[in-house]
Amino acid sequence: MIYLDHAATSPMSDEAIHTYCETARLFTGNPSSLHDTGSKAATLLEHCREKLATTINAKRDNIYFTSGGTESNQRIIRSLLKPYRNQRPHIITSHLEHASTRTLCQELKAENIEVSFIDIDKSGHIRLDELEAAIQPNTILATLPFVNGDIGTIQPVEKAVSLLHQYNVKLHCDAVQAYGKLPIDVTHIPIDALSVSAHKLGGPKGIGFAYLSENVQWESLERGTTHERGFRPGTVDIPSVASFTDAATTACHNIQTNNKGVSALRDQIIESLKANPAIVIESPQSSSSPYIVGFRIKEMDGTVAMLYMNRYGVAVSTGSACQVQEDHPAETLTALGRSRDEAQQFIRISLSPSTTENEVNTFLDTLEKLIKTRGMTNGETKEVAR
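Below is the structure:
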């Protein structure tokens, strides 16, 4: 199987697997325990925290381990809002967000918290004028993706945080699709909170971190929580943390080299897609992650296309894995003004540094065969899907 769905999850690297196994074998203690076995685990935990903090130029004590991107997004937002719950706080977001954030924002509206969704421009970037216009006297927080997970647009985070701080509004960024692929420096761009996941860059599933600046006020969501300095209850998974740390350190160290190779493959894909009149490319060529390409095949349901590609050994997706489970069209596409039918035509491919030119060529050949036979294939695949 040629795997082109790395934005959903990426296989663990050999290095990460080795580190996980060795750590599980050698570090058996609970890091909260006071005996030597626990202290040994605690020392490793803090060493990993320090190394991960370095990857975004942060301080060690600003890193809090979580189960991944979804928990980081939801726990950060709720923790930042909790000190203001008696004031009916207001937050700003967009339709570019991951399902975990969009779902939470709908929940918050039901909890008497004001939520504003700002519009995006025709290329899939937030509009800074809309962001500024949405700010109210009770605005506490804005939450924006660093990179959109459907079409890969890189958001103007530096300009957004500068604008928001003029109004004393904090910024949370979902950096799951950016971390380890784009440089992130929270000293240079003073983002207040950041969500990161390990399994998008060769680390294990079920581990990530939340970054919270010392300049933000937050409160623990559960009483009596002592783990992770009150941010999250439960014993930290030391083998996963160590494995994550090695995968992240390697990815962040090689960002420039990896991006050069992946960008060349993306350019090849884009040029091929542009040459086919049956295809509409939704990812912009500028201000976009080289790892993600979103497109549509006219008059063909994206799920039908995905199943055809899968039958011939190529794994692609129809958007965020969390969103696909809801059987909804990609919300990014509807925010761009596409009809529901057009949004349901959406296909996403996502690359990794391990993706090869041969794999890309096979994908393009399979896609061409699909389009040439799409009349027959469309009906045939729907029969299979029933």
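Residue numbering for the sequence shown follows this note's numbering, beginning at 4 and increasing consecutively. Glycine included, every Cβ here is placed at the ideal spot set by N, Cα and C.
{"Check": "What's the gap between the Cα of residue 109 and the Cα of residue 103?", "Outcome": "10 angstroms"}
{"Check": "Provide the residue(s) that pair with residue 401 in DSSP beta bridges, ordered along the chain.", "Outcome": "This structure cannot settle anything about residue 401, because the visible part of the chain is limited to 4 through 389."}
{"Check": "When the distance is taken between beta carbons, is residue 245 closer than 7 angstroms to residue 51?", "Outcome": "yes"}
{"Check": "From 198, 274, 6 and 223, pick the residue whose C-alpha is nearest to that of residue 75; which is it?", "Outcome": "198"}
{"Check": "Could you work out which residue in 331, 255, 99 and 64 is closest to residue 182 when comparing CA atoms only?", "Outcome": "255"}
{"Check": "So for residue 25, helix, strand or coil by DSSP?", "Outcome": "helix"}
{"Check": "In the DSSP assignment, what are the bridge partners of residue 142?", "Outcome": "93"}
{"Check": "Taking only three categories from DSSP, how would you classify residue 283?", "Outcome": "strand"}
{"Check": "Would you report the Cα separation of residue 369 and residue 10, rounded to the nearest angstrom?", "Outcome": "21 angstroms"}
{"Check": "Use the C-beta contact count for residue 153: other C-beta atoms within 10 angstroms, 16 or more gives buried, fewer gives exposed.", "Outcome": "buried"}
{"Check": "For the candidate residues 342, 251 and 319, whose alpha-carbon lies nearest to that of residue 366?", "Outcome": "319"}
{"Check": "Use the C-beta contact count for residue 342: other C-beta atoms within 10 angstroms, 16 or more gives buried, fewer gives exposed.", "Outcome": "exposed"}
{"Check": "By a C-beta neighbour count over all protein chains shown, 10 Å radius and 16 as the cutoff for buried, is residue 340 buried or exposed?", "Outcome": "exposed"}
{"Check": "Would you mind sorting residue 278 into buried or exposed? The rule is 16 or more other CB atoms within 10 Å of its CB.", "Outcome": "exposed"}
{"Check": "Could you compute how far the alpha carbon of residue 253 sits from the alpha carbon of residue 59?", "Outcome": "13 angstroms"}
{"Check": "Alpha carbon to alpha carbon, how far is residue 97 from residue 301?", "Outcome": "27 angstroms"}
{"Check": "To which residues of the same chain is residue 238 closer than 6 angstroms at the C-beta, ignoring the five residues directly before and after it?", "Outcome": "33"}
{"Check": "For a test of the three-state rule: what should DSSP assign to residue 156, helix, strand or coil?", "Outcome": "strand"}
{"Check": "Taking all protein chains shown into account, do 16 or more other C-beta atoms lie within 10 angstroms of the C-beta of residue 112, making it buried, or fewer, making it exposed?", "Outcome": "exposed"}
{"Check": "Does the Cβ-Cβ distance between residue 145 and residue 185 come in under 7 angstroms?", "Outcome": "no"}
{"Check": "Which value, in whole angstroms, describes the spacing of the CA atoms of residue 115 and residue 337?", "Outcome": "26 angstroms"}
{"Check": "Out of 66, 236 and 158, point me to the one whose CA is closest to residue 290's CA.", "Outcome": "158"}
{"Check": "Can you tell me whether DSSP reads residue 351 as helix, strand or coil?", "Outcome": "strand"}
{"Check": "Please tell me whether residue 214 and residue 65 are closer than 7 angstroms, where the distance is taken between their beta carbons.", "Outcome": "yes"}
{"Check": "Reducing DSSP to helix, strand and coil, say where residue 387 ends up.", "Outcome": "Low confidence applies here, because residue 387 scores a pLDDT of 27, under 50, leaving its location unreliable; read the following figure in that light. Three-state result, residue 387: helix."}
{"Check": "Scan the stretch 15-76 and note each continuous alpha helix (DSSP H) run of 4 residues or more that stays entirely inside, going in chain order.", "Outcome": "17-29 and 39-58"}
{"Check": "If you follow the beta strand (DSSP E) that residue 189 is in, where does it begin and where does it stop?", "Outcome": "Segment: none, residue 189 is in no beta strand (DSSP E) and carries neither H nor E."}
{"Check": "Measuring alpha carbon to alpha carbon, tell me which of 344, 71 and 21 ends up nearest residue 178.", "Outcome": "71"}
{"Check": "Using only the alpha-carbon positions, how far apart do residue 269 and residue 351 sit?", "Outcome": "12 angstroms"}
{"Check": "With distances taken Cα to Cα, identify the nearest neighbour of residue 148 among 257, 282, 187 and 8.", "Outcome": "187"}
{"Check": "Among 201, 139, 235 and 354, which residue has its Cα nearest to the Cα of residue 297?", "Outcome": "354"}
{"Check": "Buried or exposed, going by whether 16 or more other CB atoms sit within 10 Å of the CB of residue 316?", "Outcome": "exposed"}
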